[in-house]
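Converting from the sequence shown to this note's numbering requires adding 144 to each position, the first position being numbered 1.
For reference, the structure discussed in these notes is given below.
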Amino acid sequence: MGERPITKAPVAKGPVAKALLTKPCCDDDVPGGVNAGDPRVALVGNPNVGKSTLFNMLTGARQRIGNWPGKTVSVAQGTWRSPNGEITLIDLPGTYSLVPGSPDEALTRDLLVDRGMGGRPDLVVITVDAANLARNLYLLAQVMETGVPLVVALTMVDIAGSRGIHVDAGRLSELIGAPVVPLVPRRGEGVAEFGRVVARALAAPRRPALPILGEDMEAALASITAEVPAETAVRYPARWLSIALLTGEDVPGVPEETAAAARAAGAALSGGEPTGDDEPDDPELLVAEQRYAWVHEVIAEVVTRRGAGRATWSDRVDRVLTSRWFGPPIFLAVMWAVFALTTKAAAPLMAGFQGLVDGPVSTGAGRLLDALGAGGAIRGLVLNGLIAGVGQVLSFVPLMAIMFVLLSLLEDSGYLARAAFVVDRLMRVIGLPGRAFLPLIVGFGCNVPALAGTRILSDRRHRLLTGLLIPFVTCSARLTVYVLVATAFFGSAAGTVVFAMYVLSIALVIGMGLLLRGTLFRGMAEEPLVLDLPPYRLPAVRVIGAQSWVKLQAFLKTASGIIVATVTLVWLLSSIPFGGQGSFGHTPIEHSVFGAASHAVAPAFAPSGFGDWHASAALITGFVAKEAVVSTMAQTYSMGEPADGHQPGGLGGALRATIEQTSHGHPVPAVLAFLVFLLAYTPCMTTVAAQRVEIGGRLTLFGVGMQLTLAWLLAVAVFQVGSLFL
Numbered sequence: 145m146g147e148r149p150i151t152k153a154p155v156a157k158g159p160v161a162k163a164l165l166t167k168p169c170c171d172d173d174v175p176g177g178v179n180a181g182d183p184r185v186a187l188v189g190n191p192n193v194g195k196s197t198l199f200n201m202l203t204g205a206r207q208r209i210g211n212w213p214g215k216t217v218s219v220a221q222g223t224w225r226s227p228n229g230e231i232t233l234i235d236l237p238g239t240y241s242l243v244p245g246s247p248d249e250a251l252t253r254d255l256l257v258d259r260g261m262g263g264r265p266d267l268v269v270i271t272v273d274a275a276n277l278a279r280n281l282y283l284l285a286q287v288m289e290t291g292v293p294l295v296v297a298l299t300m301v302d303i304a305g306s307r308g309i310h311v312d313a314g315r316l317s318e319l320i321g322a323p324v325v326p327l328v329p330r331r332g333e334g335v336a337e338f339g340r341v342v343a344r345a346l347a348a349p350r351r352p353a354l355p356i357l358g359e360d361m362e363a364a365l366a367s368i369t370a371e372v373p374a375e376t377a378v379r380y381p382a383r384w385l386s387i388a389l390l391t392g393e394d395v396p397g398v399p400e401e402t403a404a405a406a407r408a409a410g411a412a413l414s415g416g417e418p419t420g421d422d423e424p425d426d427p428e429l430l431v432a433e434q435r436y437a438w439v440h441e442v443i444a445e446v447v448t449r450r451g452a453g454r455a456t457w458s459d460r461v462d463r464v465l466t467s468r469w470f471g472p473p474i475f476l477a478v479m480w481a482v483f484a485l486t487t488k489a490a491a492p493l494m495a496g497f498q499g500l501v502d503g504p505v506s507t508g509a510g511r512l513l514d515a516l517g518a519g520g521a522i523r524g525l526v527l528n529g530l531i532a533g534v535g536q537v538l539s540f541v542p543l544m545a546i547m548f549v550l551l552s553l554l555e556d557s558g559y560l561a562r563a564a565f566v567v568d569r570l571m572r573v574i575g576l577p578g579r580a581f582l583p584l585i586v587g588f589g590c591n592v593p594a595l596a597g598t599r600i601l602s603d604r605r606h607r608l609l610t611g612l613l614i615p616f617v618t619c620s621a622r623l624t625v626y627v628l629v630a631t632a633f634f635g636s637a638a639g640t641v642v643f644a645m646y647v648l649s650i651a652l653v654i655g656m657g658l659l660l661r662g663t664l665f666r667g668m669a670e671e672p673l674v675l676d677l678p679p680y681r682l683p684a685v686r687v688i689g690a691q692s693w694v695k696l697q698a699f700l701k702t703a704s705g706i707i708v709a710t711v712t713l714v715w716l717l718s719s720i721p722f723g724g725q726g727s728f729g730h731t732p733i734e735h736s737v738f739g740a741a742s743h744a745v746a747p748a749f750a751p752s753g754f755g756d757w758h759a760s761a762a763l764i765t766g767f768v769a770k771e772a773v774v775s776t777m778a779q780t781y782s783m784g785e786p787a788d789g790h791q792p793g794g795l796g797g798a799l800r801a802t803i804e805q806t807s808h809g810h811p812v813p814a815v816l817a818f819l820v821f822l823l824a825y826t827p828c829m830t831t832v833a834a835q836r837v838e839i840g841g842r843l844t845l846f847g848v849g850m851q852l853t854l855a856w857l858l859a860v861a862v863f864q865v866g867s868l869f870l
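Shown next, in the form of structure tokens:
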């Protein structure tokens with residue numbers, strides 16, 4: 145992203161002093177130091193400048209992600225155990241400007257300027273990329289105008305050095321009136337000094353200087369500030385409010401007289417009414433140009449370059465990885481390697497974990513229940529329900545851990561940002577900007593945060609279309625079922641089968657996107673891709689470990705609650721006799737309420753080759769959560785075997801025997817049909833709830849119906865066509 149040309153408004157020329165660049169900020173109260181509880185520090189910055197890396201490094205596993213109070217935007221918060229005590233860190237969504245274009249950016253803006261939200265931080269740490277200082281200083285200028293106490297974290301100093309760029313941190317600190325700390329968060333360099341600077345800033349908060357925007361602009365802002373009533377000035381920083389009103393922003397709670405005064409000041413500044421062919425200048429453009437002029441002056445003061453203009457090795461690599469012809473196949477090859485490596489490396493670990501659950505754990509639990517004199521019902525719940533179901537899913541922990549590590553490696557190395565660039569052309573085919581690929585990528589982990597991630601899109605119709613497509617992105621919960629089924633039927637080729645499911649997932653997103661674009665979303669406006677490509681880096685073990693552990697912990701926390709609740713419900717329904725056979729806790733599962741419901745649904749899947757009640761039972765609970773599919777299979781098969789609670793060959797063997805029977809000699813197309821249905825139908829009820837929040841109830845209901853219909857049609861087509869050849 146290049147620097148914008150300066151075409152209007154006078155700017156200072158030549159070497160400048162601090163007095164020309166900034167002025168003291170004196171119109172707002174400074175937050176009074178540390179809160180009664182832990183001090184709150186917000187991290188702000190452009191995307192891909194190391195902000196989240198710094199957050200992860202400081203908080204480790206002591207973090208959580210949730211909606212901001214009163215908002216639908218997800219924000220990461222964590223505890224930083226600094227040498228001076230615990231600090232609450234808030235990792236705000238990345239933004240290029242405080243003029244919001246999406247709900248995420250609006251939250252960042254509101255938190256910094258709206259005291260009425262009650263969440264203004266004690267201190268803002270703004271991360272600034274030393275290797276791309278010009279594009280970061282514009283946001284810094286806007287944050288300075290809010291008057292909130294600042295510390296600047298000057299990141300990427302190692303990358304800047306490798307490019308022959310040196311930033312004078314001391315001079316930059318003088319010019320902006322706030323501390324500047326060079327650091328490399330990935331390696332922990334400068335973090336100790338950063339902690340000391342933050343502690344001093346919290347103990348004695350002070351306002352940063354204000355960027356000088358030229359004499360005429362300053363006079364216009366002063367006239368607007370004079371018109372702001374006291375009650376409004378209490379809610380908003382006066383400097384920010386004056387600029388917002390001058391540029392035409394709609395600020396809640398501002399009297400019409402004040403807005404009218406701002407419009408008059410803007411008209412006077414921009415040259416009044418148009419005369420002849422001359423159009424008046426836009427006040428918003430004038431403010432932007434003056435900010436960029438300030439940025440250029442600061443750059444001239446603090447940046448020195450050696451060997452400018454030389455292509456770096458990163459540029460040379462990008463010519464291949466982001467090229468039109470080589471980029472897509474390389475991306476597919478990388479993702480295939482990820483899934484192949486995941487399945488092969490996890491297989492022995494999963495087998496060992498499952499042997500532990502089926503052997504010592506089950507045996508020990510059985511002896512303990514015998515010693516306690518537990519009856520048949522309790523014994524069935526514990527052994528055939530909780531241990532069989534939860535144990536089966538927990539055996540996939542190695543799989544999930546390896547997957548999260550590999551994806552974190554791709555993200556931390558800088559490759560995933562290139563993937564978004566590579567698929568930009570593909571996204572435009574379905575009418576979406578390249579940025580829409582980012583929440584879709586998140587969907588491969590979990591659809592719920594992916595839906596929240598649609599808020600980075602500024603166009604409402606883009607958000608709605610992306611929200612309808614995200615459930616077709618295969619999440620990590622489906623991965624556990626893919627691996628179980630693929631391993632049982634395809635052996636060493638399981639990794640390729642799993643990869644094919646992910647490719648099919650992308651194909652469904654594209655196909656349904658084309659269909660919806662031509663029907664419900666005709667005439668959507670296009671949006672250019674604005675994306676900073678981070679430098680290629682050697683992944684840091686500490687960063688990878690922290691990110692993977694947080695993701696794995698979140699998966700286990702979510703899955704464990706869902707699985708325990710589902711297993712208990714399935715056991716309860718499986719213990720209630722249906723049709724007068726048996727008594728509570730002493731009835732074959734196929735003759736229970738749950739078995740009867742599963743038998744009733746099974747004929748619908750007969751055209752797909754898996755019309756068995758075991759499969760339909762798993763799909764029923766899978767509607768609640770895909771994590772429960774495997775546990776339900778384990779539960780129904782183990783409860784259906786009275787001798788020792790286990791089918792020959794384990795769960796995979798039992799499933800294989802069932803599919804061979806229901807497919808009438810065509811198990812391969814039948815199992816592929818089962819996997820396709822699992823991919824295409826509703827992910828889970830949590831995703832449905834998240835969809836309702838993001839795109840509304842009517843579109844969510846439409847989406848659920850669309851997914852179920854498409855899943856059934858695809859499954860039938862796969863089996864009917866496949867059985868002709870396989």
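Ideal placement from N, C-alpha and C gives every residue a C-beta, glycine not left out.
{"Check": "Taking all protein chains shown into account, decide if Gln697 is buried (16 or more other Cβ within 10 angstroms of its Cβ) or exposed.", "Outcome": "exposed"}
{"Check": "Just mark Thr663 as buried or exposed, buried being the case when its beta carbon has 16 or more other beta carbons within 10 Å.", "Outcome": "exposed"}
{"Check": "Looking at the structure shown, is Leu187 part of a helix, part of a strand, or coil, going by DSSP?", "Outcome": "strand"}
{"Check": "Could you check what DSSP says for Pro265 in three-state terms: helix, strand or coil?", "Outcome": "coil"}
{"Check": "Looking at Leu894: is its Cβ nearer than 8 Å to the Cβ of Leu609?", "Outcome": "The first residue shown for the chain is 145 and the last is 870, placing residue 894 beyond what the model contains."}
{"Check": "For the stretch 278-285 against the stretch 436-443, do three or more pairs of beta-carbon atoms, one drawn from each stretch, fall closer than 8 Å, so that the two count as touching?", "Outcome": "yes"}
{"Check": "Please report the residue range of the alpha helix (DSSP H) in which Glu337 lies.", "Outcome": "Val335 to Ala347"}
{"Check": "According to DSSP, is Gly410 helix, strand or coil?", "Outcome": "helix"}
{"Check": "With 16 as the cutoff for other CB atoms within 10 Å, does Thr203 come out buried or exposed?", "Outcome": "buried"}
{"Check": "The beta strand (DSSP E) spanning His808 covers which residue range?", "Outcome": "Here His808 belongs to no beta strand (DSSP E), and DSSP marks it neither H nor E."}
{"Check": "With DSSP as the reference, label Leu354 as helix, strand or coil.", "Outcome": "strand"}
{"Check": "For Pro721, count the other beta carbons within 10 Å of its own beta carbon; 16 or more makes it buried, fewer makes it exposed. Which is it?", "Outcome": "buried"}
{"Check": "On the DSSP letters alone, give me the boundaries of the alpha helix (DSSP H) that Leu560 sits inside.", "Outcome": "Tyr559 to Val566"}
{"Check": "Does the beta carbon of Gln221 fall short of 7 Å from some heavy atom of the ligand SAM?", "Outcome": "In the structure shown, the ligand SAM is absent, as is every other ligand, since no ligand is present at all."}
{"Check": "How many angstroms separate the CA atom of Ile474 from the CA atom of Val653?", "Outcome": "20 Å"}
{"Check": "Rounded C-beta distance between Leu187 and Leu236? I'm assuming under 8 Å.", "Outcome": "6 Å"}
{"Check": "State buried or exposed for Pro811, treating a residue as buried only when at least 16 other CB atoms are found within 10 Å of its CB.", "Outcome": "buried"}
{"Check": "Per DSSP, what are the beta-bridge partners of Leu294 in this structure?", "Outcome": "Val268"}
{"Check": "Could you check if Glu401 is buried or exposed, using at least 16 other CB atoms within 10 Å of its CB as the buried criterion?", "Outcome": "exposed"}
{"Check": "Do you know offhand how far Ala412's Cα is from Val395's?", "Outcome": "21 Å"}
{"Check": "Apart from the five residues on each side of it in sequence, which residues of its chain come closer than 7 Å, Cβ to Cβ, to Ser196?", "Outcome": "Asp235"}
{"Check": "Would you decide whether Phe470 is buried or exposed? Buried here means 16 or more other CB atoms lie within 10 Å of its CB.", "Outcome": "exposed"}
{"Check": "Just to confirm the assignment, what range does the alpha helix (DSSP H) spanning Gly766 have?", "Outcome": "Trp757 to Val768"}
{"Check": "Any idea what DSSP makes of Trp224, helix, strand or coil?", "Outcome": "strand"}
{"Check": "Excluding the 5 residues preceding and the 5 following Ser649 in the sequence, name in chain order all residues of the same chain whose CB lies nearer than 7 Å to its CB.", "Outcome": "Phe616, Val617, Thr618 and Leu823"}
{"Check": "What do you reckon, are the CB atoms on Pro104 and Ala594 nearer than 8 Å?", "Outcome": "Lying before the first or after the last residue shown, residue 104 is absent from the chain, which here runs from 145 to 870."}
{"Check": "Cα separation between Val301 and Arg330?", "Outcome": "11 Å"}
{"Check": "One question on the structure: do Leu390 and Ala404 come within less than 8 Å of each other, judged by their Cβ atoms?", "Outcome": "no"}
{"Check": "Measuring straight from C-alpha to C-alpha, what distance separates Gly755 and Val505?", "Outcome": "33 Å"}
{"Check": "Quick one: what does DSSP say Asp182 is sitting in, helix, strand or coil?", "Outcome": "coil"}
{"Check": "With distances taken Cα to Cα, identify the nearest neighbour of Ala709 among Gly655, Pro678, Ala744 and Thr765.", "Outcome": "Thr765"}
{"Check": "Who does Gly229 pair with in a DSSP beta bridge?", "Outcome": "Ser226"}
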